[in-house]
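To start, the structure under review is shown below, and the notes come after it.
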Amino acid sequence: MADQPTPSPKPSAGAPSPPRPPKPEDLLKPVPLDSELLKRLRERFADAIGEAILDRKQAIIKVSSAPLLEICRYLRDDEKFDFLTDLTALDWPKRERRFDVVYNLYSFPKNERLRLKAEVAVSQKIASVASVWGAANWLERECFDMFGIVFDGHPHLKRILLPDEWQGHPLRKDYDILKQDTDWVRENLHIESGQ
Amino acid sequence: MPDERPWTATEETVLGADEIILNMGPQHPATHGVLRVKLKLDGEKIVGSECIIGYLHRGVEKIAEHRTYAQFAPYVDRTDYVAAVSNGLGYVETVEKLLGVEAPPRARWVRTILTELQRIASHLLWLGTHALDIGAITPLFYTFREREEVLKIFEKYCGARLTTHAFRIGGLQYETYDGFEDDVRRFCRDFYRRVDEYEALLTENRIWLGRTKGVGILTIKDAIDLGATGPILRASGLRWDIRKAFPYAAYSEFDFMIPTGTNGDTFDRYMVRMEEMRQSCRICQQAIETIPAGPIMAKVGKVLKPPPGEVYHSIEAPKGEIGYYVVSDGTVQPYRVRIRPPSFINLQSFDKMVKGMLVADVVAIIGTLDIVLGEVDR
Numbered sequence: 137m138a139d140q141p142t143p144s145p146k147p148s149a150g151a152p153s154p155p156r157p158p159k160p161e162d163l164l165k166p167v168p169l170d171s172e173l174l175k176r177l178r179e180r181f182a183d184a185i186g187e188a189i190l191d192r193k194q195a196i197i198k199v200s201s202a203p204l205l206e207i208c209r210y211l212r213d214d215e216k217f218d219f220l221t222d223l224t225a226l227d228w229p230k231r232e233r234r235f236d237v238v239y240n241l242y243s244f245p246k247n248e249r250l251r252l253k254a255e256v257a258v259s260q261k262i263a264s265v266a267s268v269w270g271a272a273n274w275l276e277r278e279c280f281d282m283f284g285i286v287f288d289g290h291p292h293l294k295r296i297l298l299p300d301e302w303q304g305h306p307l308r309k310d311y312d313i314l315k316q317d318t319d320w321v322r323e324n325l326h327i328e329s330g331q
Numbered sequence: 041m042p043d044e045r046p047w048t049a050t051e052e053t054v055l056g057a058d059e060i061i062l063n064m065g066p067q068h069p070a071t072h073g074v075l076r077v078k079l080k081l082d083g084e085k086i087v088g089s090e091c092i093i094g095y096l097h098r099g100v101e102k103i104a105e106h107r108t109y110a111q112f113a114p115y116v117d118r119t120d121y122v123a124a125v126s127n128g129l130g131y132v133e134t135v136e137k138l139l140g141v142e143a144p145p146r147a148r149w150v151r152t153i154l155t156e157l158q159r160i161a162s163h164l165l166w167l168g169t170h171a172l173d174i175g176a177i178t179p180l181f182y183t184f185r186e187r188e189e190v191l192k193i194f195e196k197y198c199g200a201r202l203t204t205h206a207f208r209i210g211g212l213q214y215e216t217y218d219g220f221e222d223d224v225r226r227f228c229r230d231f232y233r234r235v236d237e238y239e240a241l242l243t244e245n246r247i248w249l250g251r252t253k254g255v256g257i258l259t260i261k262d263a264i265d266l267g268a269t270g271p272i273l274r275a276s277g278l279r280w281d282i283r284k285a286f287p288y289a290a291y292s293e294f295d296f297m298i299p300t301g302t303n304g305d306t307f308d309r310y311m312v313r314m315e316e317m318r319q320s321c322r323i324c325q326q327a328i329e330t331i332p333a334g335p336i337m338a339k340v341g342k343v344l345k346p347p348p349g350e351v352y353h354s355i356e357a358p359k360g361e362i363g364y365y366v367v368s369d370g371t372v373q374p375y376r377v378r379i380r381p382p383s384f385i386n387l388q389s390f391d392k393m394v395k396g397m398l399v400a401d402v403v404a405i406i407g408t409l410d411i412v413l414g415e416v417d418r
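Residue numbers (the numbering used here), protein chains in the order written: chain Y, 137 to 331; chain G, 41 to 418.
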């Protein structure tokens with residue numbers, strides 16, 4: 137059908153050729169984050185704000201653990217990140233400060249997500265944000281339970297999923313998947329071999 | 041000034057002359073699993089509470105680090121085991137985002153239909169058991185009758201009723217069976233009348249009103265502060281739903297409403313969930329008429345190796361926001377999978393809801409939270 141009105145899929149010779157679509161791998165590469173929010177944060181907290189990237193269109197900002205509480209208060213009150221969606225941690229055993237504490241924030245007024253990451257070493261404590269977002273209470277307890285990260289100023293820091301007397305923190309990378317607190321299991325469950 | 045800290049029995053055992061400690065669970069029919077609650081009572085009034093959880097902890101997040109991306113998919117069904125389809129959708133969409141692929145339209149439509157049917161099934165289970173806890177035995181028989189129909193559709197589609205593993209990373213494994221559309225149409229056609237029947241049993245029932253109105257109030261400020269999501273947040277008055285805020289699957293194509301409450305009490309949460317079932321039914325009806333033809337699987341490799349990076353993706357599960365935070369280090373196994381469990385975080389509001397209530401209300405409040413302990417403990 138030569139005279140069909142809809143444009144043919146082939147581009148005509150005169151029209152500029154459409155830009156080549158980027159390769160799928162390139163789309164997944166993190167790019168530096170550039171936003172007004174980041175500028176305001178840098179202005180206010182200067183060196184405490186580290187690298188900021190956009191990974192798969194999601195904003196991630198690394199922050200220093202020292203003024204964490206002030207940054208979180210600022211984000212909640214001035215930037216309206218009023219909802220702590222999730223709080224968790226990552227373990228990178230080869231790093232000097234091996235844990236990343238990850239805060240997934242959400243803002244109802246802006247409909248926007250933001251992820252904060254704070255590095256912390258095994259011997260170090262990190263400020264509890266339970267006074268900023270009440271949801272952090274149990275989430276920090278779970279983090280303490282699974283990774284052994286101590287949250288300073290938490291109202292009630294104790295294990296939440298594992299028994300109180302349990303030894304070890306299972307989500308650390310050096311905790312083997314078959315490992316368990318055999319003494320506790322023998323004593324409380326009366327199972328000799330464990331597995 | 042009231043002490044705002046969470047109270048624990050071990051903490052110096054500060055009991056007044058009239059106060060006692062009551063232990064509830066972990067083996068208790070009204071706690072819907074193995075939840076243990078310690079209550080501090082002044083007469084019959086509750087002055088403090090503590091939830092003790094972890095009896096069902098299986099270390100799902102640790103297991104994830106030792107499985108490939110595809111191998112881990114069936115495990116998420118076992119967290120919230122009465123809404124396995126929703127969990128599965130959240131996980132496969134997260135990995136798809138990590139890989140940079142998108143499921144083809146037909147797969148997204150089928151996913152939407154099954155997930156909405158799952159929401160109905162989950163809410164029906166909640167309604168039946170919640171009413172049973174409060175003393176209305178009859179609704180259970182009706183709700184399980186309809187839930188059975190939904191489970192039959194799942195069974196015909198993928199062979200399983202409960203832990204379905206219905207979706208695959210990249211789309212669907214199975215094409216819909218012959219008669220799928222008719223089954224869904226028939227179910228939806230009858231379902232509005234069924235919801236009206238449940239409402240006829242409960243909504244204006246004086247006992248029901250007495251047991252739910254003004255019980256377990258959660259203000260909007262507390263709900264946001266404590267991270268509550270799903271029907272609990274909406275019953276407190278915030279019109280927020282991930283299906284609208286960050287549309288996934290095919291939700292942007294359909295017309296549906298987000299019901300909200302005003303008082304944030306048990307009755308409002310009941311009304312919100314009832315209306316949600318009708319809206320889910322509406323979505324199914326629209327989706328089944330517009331379901332496109334075409335492939336059901338996107339192009340994904342046999343070996344899934346997402347480029348290094350991380351992604352957080354969440355969907356509106358029946359219980360609230362179920363989120364997955366997956367970190368890839370470029371190998372075939374995820375470096376970390378974090379499940380954001382709606383039940384776990386919603387359960388934090390329990391202490392706020394229960395203070396000042398009577399012992400009998402505890403059962404109503406646990407029911408209205410709609411928790412599944414498999415998800416709380418993971």
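Positions of the beta carbon are idealized from the N, C-alpha and C atoms, including for glycine.
Keep in mind the model is a prediction, meaning the values are calculated, not measured.
6 Å CB neighbourhood of residue i in its chain, flanking five on each side removed
{"i": "L62 of chain G", "result": "L79, L81"}
{"i": "R146 of chain G", "result": "P332, G334, I336"}
{"i": "A149 of chain Y", "result": "Because A149 of chain Y carries a pLDDT of 48, less than 50, the predicted location of this residue cannot be relied on, and no value is offered for it."}
{"i": "D281 of chain G", "result": "I298, E356"}
Counted within 10 angstroms of its Cβ, other Cβ atoms place residue i as buried (16 or more) or exposed
{"i": "P143 of chain Y", "result": "Because the pLDDT of P143 of chain Y is 48, which lies under 50, any placement of that residue in the model is unreliable, and the number read from its coordinates should be weighed accordingly. The residue in question, P143 of chain Y, is exposed, as its Cβ has fewer than 16 Cβ neighbours within 10 Å."}
{"i": "Y288 of chain G", "result": "buried"}
{"i": "E328 of chain Y", "result": "exposed"}
{"i": "E278 of chain Y", "result": "buried"}
{"i": "L298 of chain Y", "result": "buried"}
{"i": "I477 of chain G", "result": "The question about residue 477 of chain G has no answer here: the residues shown for chain G are numbered 41 through 418."}
{"i": "H326 of chain Y", "result": "exposed"}
{"i": "E172 of chain Y", "result": "exposed"}
{"i": "K216 of chain Y", "result": "exposed"}
{"i": "R185 of chain G", "result": "exposed"}
{"i": "R449 of chain G", "result": "The requested residue 449 of chain G is not part of the displayed model; chain G covers only 41 to 418."}
{"i": "D332 of chain Y", "result": "Lying before the first or after the last residue shown, residue 332 of chain Y is absent from chain Y, which here runs from 137 to 331."}
{"i": "S201 of chain Y", "result": "buried"}
{"i": "K253 of chain Y", "result": "buried"}
{"i": "R322 of chain Y", "result": "exposed"}
{"i": "R231 of chain Y", "result": "exposed"}
{"i": "T330 of chain G", "result": "exposed"}
{"i": "D308 of chain G", "result": "buried"}
Per DSSP, the bridge partner or partners of residue i
{"i": "H419 of chain G", "result": "Lying before the first or after the last residue shown, residue 419 of chain G is absent from chain G, which here runs from 41 to 418."}
{"i": "Y239 of chain Y", "result": "Y:L223, Y:L252"}
{"i": "N63 of chain G", "result": "G:K78"}
{"i": "D191 of chain Y", "result": "Y:Q194"}
{"i": "S89 of chain G", "result": "G:L79"}
{"i": "P374 of chain G", "result": "DSSP output for P374 of chain G lists no bridge partner at all."}
{"i": "A263 of chain Y", "result": "Y:D288"}
{"i": "G39 of chain G", "result": "Outside the shown range of chain G (41 to 418) lies residue 39 of chain G, about which nothing can therefore be said."}
{"i": "L398 of chain G", "result": "G:K85"}
{"i": "V167 of chain Y", "result": "Y:L190"}
Pair within 8 Å by beta-carbon distance, residue i and residue j
{"i": "T204 of chain G", "j": "D117 of chain G", "result": "yes"}
{"i": "H431 of chain G", "j": "P358 of chain G", "result": "The question about residue 431 of chain G has no answer, for chain G in this structure spans 41 to 418."}
{"i": "R318 of chain G", "j": "T300 of chain G", "result": "no"}
{"i": "I272 of chain G", "j": "A110 of chain G", "result": "no"}
{"i": "R233 of chain Y", "j": "E206 of chain Y", "result": "no"}
{"i": "E237 of chain G", "j": "Y182 of chain G", "result": "yes"}
{"i": "A206 of chain G", "j": "L154 of chain G", "result": "yes"}
{"i": "G396 of chain G", "j": "I160 of chain G", "result": "no"}
{"i": "Y115 of chain G", "j": "A104 of chain G", "result": "yes"}
{"i": "R363 of chain G", "j": "Y352 of chain G", "result": "In the sequence on display, residue 363 of chain G carries Gly and not Arg. It is a contact, given that the beta carbons lie within the stated cut-off."}
Chain-order list of residues whose beta-carbon lies under 8 Å from that of residue i (same chain, five-residue window excluded)
{"i": "G175 of chain G", "result": "I247, R251"}
{"i": "F220 of chain G", "result": "I193, K196, Y197"}
{"i": "Y232 of chain G", "result": "R318, C321"}
{"i": "A414 of chain G", "result": "One point to set straight first is that residue 414 of chain G is Gly, not Ala, in the sequence displayed. Once the five neighbours on either side are set aside, the close Cβ partners of G414 of chain G are G73, L96, R118, T119, D120, Y121."}
{"i": "E101 of chain G", "result": "R376, V377, R378, I379, R418"}
Sequence-distant residues of the same chain with beta carbon closer than 7 Å to residue i, five excluded per side
{"i": "M282 of chain Y", "result": "H305, P306, L307"}
{"i": "M311 of chain G", "result": "G301"}
{"i": "F294 of chain G", "result": "I323, Q326, A327"}
{"i": "D317 of chain Y", "result": "W302, Q303, G304"}
{"i": "E215 of chain G", "result": "I336"}
Check: Are the stretch 254–269 of chain G and the stretch 263–279 of chain Y touching by the rule of at least three beta carbon pairs closer than 8 Å?
Finding: The stretch 254–269 of chain G and the stretch 263–279 of chain Y touch, with no fewer than 3 CB-CB distances between them shorter than 8 Å.
Checklist line | Stretch-stretch touch, CB-based, cutoff 8 Å, three pairs: the stretch 253–263 of chain G with the stretch 184–193 of chain G | finding: No, the stretch 253–263 of chain G is not in contact with the stretch 184–193 of chain G.
Notebook entry, point to check: Are the stretch 215–227 of chain Y and the stretch 188–204 of chain Y touching, with three or more C-beta to C-beta distances below 8 Å?
Noted result: Result no; under three Cβ-Cβ pairs closer than 8 Å.
Notebook entry, point to check: Taking one C-beta from the stretch 126–141 of chain G and one from the stretch 212–228 of chain G each time, how about it: are there three or more such pairs within less than 8 Å?
Noted result: No, the stretch 126–141 of chain G does not touch the stretch 212–228 of chain G.
Notebook entry, point to check: Is the number of C-beta pairs between the stretch 70–78 of chain G and the stretch 91–107 of chain G that are closer than 8 Å three or more?
Noted result: The stretch 91–107 of chain G and the stretch 70–78 of chain G touch, with three or more beta-carbon pairs separated by less than 8 Å.
Notebook entry, point to check: Three or more beta-carbon pairs under 8 Å between the stretch 371–380 of chain G and the stretch 249–261 of chain Y, yes or no?
Noted result: The answer is no - the stretch 249–261 of chain Y does not touch the stretch 371–380 of chain G, with fewer than three Cβ pairs under 8 Å.
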